[in-house]
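Asker:
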Amino acid sequence: MRWEHVEKNANFYDERYEMMKQLQKTAAFLVGLCLFIVYASVAYAHGSDPNVATGDVINMNLVAGGLGIVGYLLMVNEIPQKLLGTYKEK
């Protein structure tokens, strides 16, 4: 085996390892951010009206998150552009 191939494979492994570490950090940050948003909204809802059920507030956040994910997927797949006829092939 030639040394160029070994060095190239080692660099690829290092890049992939660094990308995985960065992905894990990003995922941990996003999970923490989502938990903070839910906690803050429950605290805000109880502060503004003590009779609001915690389950209702959490369900509201889940619905908002679900709608956000669906909207993101629609935009990534360019569905609105295809439906409106403004989609341009790349």
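According to this note's numbering, the stretch in the sequence shown is residues 422 to 511, in order.
Positions of the beta carbon are idealized from the N, C-alpha and C atoms, including for glycine.
Can you have a look at Val-463 and say buried or exposed, based on whether 16 or more other CB atoms are within 10 angstroms of its CB?
Answerer: For the purposes of this step, residue 463 is identified with residue 42 of the sequence shown, where counting begins at 1. Result: buried.
Asker: If you run the structure through DSSP and keep just helix, strand and coil, what is Ala-448?
Answerer: Against the sequence shown, residue 448 aligns to sequence position 27. Secondary structure of Ala-448 (DSSP, three-state): helix.
Asker: Measuring only from the beta carbon, is Glu-436 closer than 7 Å to any heavy atom that is part of the ligand SAH?
Answerer: Looking for the ligand SAH in the displayed structure turns up nothing, as the structure carries no ligands at all.
Asker: So what does DSSP say about Glu-439, is it helix, strand or coil?
Answerer: Start at 1 with the first residue of the sequence shown, and residue 439 comes out as number 18. Glu-439 falls in the helix class under three-state DSSP.
Asker: Could you check which residue in Asn-482, Leu-504, Glu-499 has the C-alpha nearest to that of Leu-454?
Answerer: The residue given as residue 454 occupies position 33 in the sequence shown. It is Asn-482.
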